[in-house]
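S.K.:
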Amino acid sequence: MTERDAIDYPLAPIAAIEPPAEWEELRQQCPVAHVRLPSGDQAALLTRYDDVRQLIADPRFARNSSEKDAARISMLDQQESPIPRLGEGHQRWRRMLTKWFTAKRMAELRPRIEAMAEQLVDEMVAQGQPADLRASFGFPLPVWVICDLLGVPNEDRDRFSHWSDTFLSVSRYTQDEVDTAQAEFTTYMAGHVAAKRVAPGEDLLGDLITRADAAGEYLSDDALVATGKGLLIAGHETTTNMIGKMMAMLLADRTHWEQLLADPTLVRTAVEETLRYDANAGFGLTRYVDEDVELPGGTLPAGTTAICSLGSANRDESVFPDAADLDLSRSPNLHISFGVGPHSCVGQSLARTELQVVLEVLLRRLPTLALGVPVGELPPVKGLLVGGLQKVPVVW
Amino acid sequence: MKVIVDQDKCVASGQCVTAAMDVFDQRDEDGIVVLLTDTPPDELAVDVHQAAAVCPALAIVVED
Numbered sequence: 004m005t006e007r008d009a010i011d012y013p014l015a016p017i018a019a020i021e022p023p024a025e026w027e028e029l030r031q032q033c034p035v036a037h038v039r040l041p042s043g044d045q046a047a048l049l050t051r052y053d054d055v056r057q058l059i060a061d062p063r064f065a066r067n068s069s070e071k072d073a074a075r076i077s078m079l080d081q082q083e084s085p086i087p088r089l090g091e092g093h094q095r096w097r098r099m100l101t102k103w104f105t106a107k108r109m110a111e112l113r114p115r116i117e118a119m120a121e122q123l124v125d126e127m128v129a130q131g132q133p134a135d136l137r138a139s140f141g142f143p144l145p146v147w148v149i150c151d152l153l154g155v156p157n158e159d160r161d162r163f164s165h166w167s168d169t170f171l172s173v174s175r176y177t178q179d180e181v182d183t184a185q186a187e188f189t190t191y192m193a194g195h196v197a198a199k200r201v202a203p204g205e206d207l208l209g210d211l212i213t214r215a216d217a218a219g220e221y222l223s224d225d226a227l228v229a230t231g232k233g234l235l236i237a238g239h240e241t242t243t244n245m246i247g248k249m250m251a252m253l254l255a256d257r258t259h260w261e262q263l264l265a266d267p268t269l270v271r272t273a274v275e276e277t278l279r280y281d282a283n284a285g286f287g288l289t290r291y292v293d294e295d296v297e298l299p300g301g302t303l304p305a306g307t308t309a310i311c312s313l314g315s316a317n318r319d320e321s322v323f324p325d326a327a328d329l330d331l332s333r334s335p336n337l338h339i340s341f342g343v344g345p346h347s348c349v350g351q352s353l354a355r356t357e358l359q360v361v362l363e364v365l366l367r368r369l370p371t372l373a374l375g376v377p378v379g380e381l382p383p384v385k386g387l388l389v390g391g392l393q394k395v396p397v398v399w
Numbered sequence: 008m009k010v011i012v013d014q015d016k017c018v019a020s021g022q023c024v025t026a027a028m029d030v031f032d033q034r035d036e037d038g039i040v041v042l043l044t045d046t047p048p049d050e051l052a053v054d055v056h057q058a059a060a061v062c063p064a065l066a067i068v069v070e071d
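If you want it as structure tokens, here you go:
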């Protein structure tokens, strides 16, 4: 599987928005690389677009499992879930959710998200500059949106923010704090689900309670709680980080920001391009393969845990001409930042809508926006799974 | 131009609707793709090809 010794993964931390030096070399010379994880377990790292795309779209495989020989990556992989991981059961569960993420729903939701973004800009401006765009804007916005989807009242938004923060930021909290947050969140959601059984309301969670899936089955309380938790984990920190990274990319070389000010119709393609360009995309998607898989770049023997680097795939020159350039009008842009296939991001339309709204509102409200520190001084998040920036200081 | 969609593969991302709303729609109950016409006029060819290219489920095939 490899022409060289195992390398340590994740790769050495990178500066703000620059890709690790190893990506290009691996894509050229070692598309299926042998890596060693922090747990000491071994895995195969895929860095080419074609290999990554084919494996993550393969319906036979899901993310890393509790199989005995699967590599240990995080605690999340070791927990049993009441939500089906694969096949028809997974599709039935997923299709209960997708009603809430259609293009029509997004058009309806957009004005609400705009109002939230406007409110957050008002509050940030009132507190004066410099401001941390992540803390004042990027962090609260996605959690407010998720609370709305789940029918969680506004006064509980701060608690949701705190729980979400502890779930994924393992290094900043003690194990006790993480365990406490998990328990508090589960208790809260169980109570919330019980209240919704009495009065379902007009939101996603109420809909999941009252509606049967395609096989005529209803979700259990455990599955409802797990779904709520899944939406929070999948939708909050990732979007928060992407807002920060998107703004850092667009402000690092201010000609990009000026290009958008001159032509705001570029917002959609600009969002897609920053999603593609994201070099700090986190750990990557894992797949545990329980049978041999032939990929263009090599063979994965049964029992392999593969790590698919979406960030590297999105910089593959064979698919993206001038891949190292941020081209705000790039089209078509076949980046795979949301994955592809049956496990691709269920909330991708919502993430896109949030990012577009963020950009539109900031362009309109704060046209003089600029980074408060040189881009090289933006501190990357110290975590394993989700890549981002700890702070994004801005002035205007 | 003939368009074929695979509703079983569809993951309801809505990307096709954004690319070509006169050709693709989504079912209200689960967002799965619905074809409004399987033989769209030639002036929509660029949009339809874009929809097929950006589909994260590879659920759209266009035959020219």
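Residue numbers (my numbering), protein chains in the order written: chain X, 4 to 399; chain F, 8 to 71. A virtual CB, placed ideally from N, CA and C, is assigned to each residue, including glycine.
Among X/M99, X/A265, X/R290, X/V360, which has the Cα closest to the Cα of X/A305?
M.R.: Comparing Cα-Cα distances from X/A305 to each of X/M99, X/A265, X/R290, X/V360, the minimum goes to X/R290.
S.K.: Closer than 6 Å by C-beta to X/T243: which residues in its own chain qualify, once you throw out the five before and the five after it? Chain order, please.
M.R.: Correct list, in chain order: G141, F142, P145.
S.K.: Straight-line CA distance for X/D80 to X/G342?
M.R.: A caution first: X/D80 carries a pLDDT of 49, below 50, which makes its placement in the model unreliable, though a value can still be read off. Distance between the alpha carbons of X/D80 and X/G342: 18 Å.
S.K.: Quick one: which residues of the segment 39 to 52 of chain F get their C-beta closer than 8 Å to a C-beta of chain X? List them in chain order.
M.R.: Per Cβ criterion, the list reads I39.
S.K.: Are the CB atoms of X/L365 and X/I59 nearer to each other than 8 Å?
M.R.: Cβ distance not < 8 Å, so X/L365 and X/I59 don't count as in contact.
S.K.: What did DSSP end up calling X/F301 once you bin it into helix, strand or coil?
M.R.: The sequence shown places Gly at residue 301 of chain X, not Phe. DSSP places X/G301 in strand when its eight states are reduced to three.
S.K.: Examine chain F for any beta-carbon lying closer than 8 Å to the beta-carbon of X/A106, and answer yes or no.
M.R.: It does; some Cβ of chain F falls within 8 Å.
S.K.: Should X/A218 go down as buried or exposed, given a rule of 16 or more other Cβ atoms within 10 Å for buried?
M.R.: Exposed is the call here.
S.K.: Note down, in chain order, all residues in the segment 343 to 371 of chain X with a beta-carbon under 9 Å from any beta-carbon belonging to chain F.
M.R.: Under the 9 Å Cβ criterion, the segment 343 to 371 of chain X contributes V343, G344, P345, H346, S347, C348, V349, Q351, S352, R355.
S.K.: Excluding sequence positions up to five away, which residues of its chain have a Cβ less than 7 Å from the Cβ of F/I39?
M.R.: If we look at F/I39 and ignore the five residues flanking it on each side, its Cβ neighbours are Q14, C17, A19, Q33.
S.K.: Is it the case that the Cβ atoms of X/W399 and X/L369 are separated by a distance below 8 Å?
M.R.: Yes, they are a contact pair.
S.K.: Going along the chain, which residues of its own chain have a beta-carbon closer than 7 Å to the beta-carbon of X/E21, five neighbours each way excluded?
M.R.: Closer than 7 Å at the Cβ level, and outside the excluded window around X/E21, lie A282.
S.K.: Just checking: is the beta-carbon of X/P114 within a distance shorter than 8 Å of some beta-carbon in chain F?
M.R.: With 8 Å as the cut-off, X/P114 does not count as an interface residue toward chain F.
S.K.: Got a sec: is the Cβ-Cβ distance from X/K102 to anything in chain F below 8 Å?
M.R.: By this cut-off, X/K102 is an interface position.
S.K.: Taking 8 Å as the threshold, find out whether the segment 46 to 60 of chain X comes into contact with the segment 318 to 326 of chain X through three or more Cβ pairs.
M.R.: They touch, by the three-pair rule.
S.K.: Beta carbon of X/L331, beta carbon of X/A284: below 8 Å?
M.R.: It is not a contact, given that the beta carbons lie outside the stated cut-off.
S.K.: Going along chain C in order, which residues have a C-beta closer than 9 Å to the C-beta of F/A19?
M.R.: Absent here is chain C; the protein component of the structure consists of chains X and F.
S.K.: Could you run through the segment 313 to 346 of chain X and flag, in chain order, every residue whose CB is less than 9 Å away from some CB of chain F?
M.R.: For the segment 313 to 346 of chain X, which is checked against every Cβ of chain F, the residues closer than 9 Å are S334, P335, N336, L337, I339, F341, G342, V343, G344, P345, H346.
S.K.: Between X/L227 and X/L208, which are expected to be in contact by the criterion C-beta below 8 Å, what is the C-beta distance as a whole number of angstroms?
M.R.: Contact holds; Cβ gap of about 7 Å.
S.K.: Give the straight-line distance between the Cα atoms of X/M192 and X/A229, rounded to the nearest whole angstrom.
M.R.: Distance between the alpha carbons of X/M192 and X/A229 is about 9 Å.
S.K.: Going by beta-carbon coordinates alone, are X/I252 and X/L136 separated by less than 8 Å?
M.R.: Note that residue 252 of chain X corresponds to Met in the displayed sequence, not to Ile. Not a contact, by the Cβ cut-off of 8 Å.
S.K.: Quick one: is F/V55 near chain X, going by C-beta distance under 8 Å?
M.R.: So, not an interface residue.
S.K.: Is there a Cβ from chain X that is less than 8 Å from the Cβ of F/E70?
M.R.: Chain X contact via Cβ: absent.
S.K.: Using a threshold of 8 Å, state whether the C-beta atoms of X/P41 and X/G301 are closer than that.
M.R.: Not closer than 8 Å, so no.
S.K.: Considering Cα atoms alone, identify which of X/L362, X/I236, X/Y221, X/F163 is closest to X/R260.
M.R.: First, the amino acid is wrong: residue 260 of chain X is Trp here, not Arg. Selected option, being the one with the closest Cα: X/L362.
S.K.: At 4 residues or longer, and completely inside the segment 31 to 104 of chain X: list those alpha helix (DSSP H) runs for me, N to C.
M.R.: If we require 4 residues or more, the alpha helix (DSSP H) runs fully inside the segment 31 to 104 of chain X come out as 52 to 60, 90 to 100.
S.K.: Rounding to the nearest angstrom, what Cα-Cα distance links X/G391 and X/L278 in this structure?
M.R.: The alpha-carbon atoms of X/G391 and X/L278 are separated by roughly 12 Å.
S.K.: Which term fits X/S352, buried or exposed, when burial requires 16 or more other beta carbons within 10 angstroms of its beta carbon?
M.R.: Flag for X/S352 reads buried.
S.K.: Return no unless some Cβ of chain X is closer than 8 Å to the Cβ of F/V10.
M.R.: No, its Cβ sits nowhere closer than 8 Å to a Cβ of chain X.
S.K.: Judging by CA-CA distance, which residue of X/D266, X/T177, X/A186 is the nearest neighbour of X/R162?
M.R.: For X/R162, the nearest C-alpha among the options comes from X/A186.
S.K.: Just to confirm the assignment: which complete alpha helix (DSSP H) runs, minimum length 4, are found wholly within the segment 94 to 158 of chain X?
M.R.: Fully enclosed alpha helix (DSSP H) runs of 4 or longer: 106 to 130, 143 to 153.
S.K.: Just the C-alpha distance for X/D225 and X/D295, rounded to the nearest angstrom, thanks.
M.R.: Cα-Cα distance, rounded: 34 Å.
S.K.: Please give the ranges of any beta strand (DSSP E) in the segment 21 to 65 of chain F, keeping only runs that are unbroken, at least 3 residues long and fully inside the region.
M.R.: Entirely contained in the segment 21 to 65 of chain F, the beta strand (DSSP E) runs reaching 3 residues are, in chain order, 31 to 33, 40 to 42.
S.K.: I need the boundaries of the beta strand (DSSP E) containing X/T307, first residue and last residue.
M.R.: Start and end: 307 to 311.
S.K.: Just confirm the distance between the C-beta atoms of X/R214 and X/M99, as a whole number of angstroms; I'd bet it's less than 8 Å.
M.R.: Contact flag correct, Cβ pair sits at about 7 Å.
S.K.: Please decide whether F/A64 counts as near chain X, where near means a Cβ-Cβ distance under 8 Å.
M.R.: Output row for F/A64: interface = yes.
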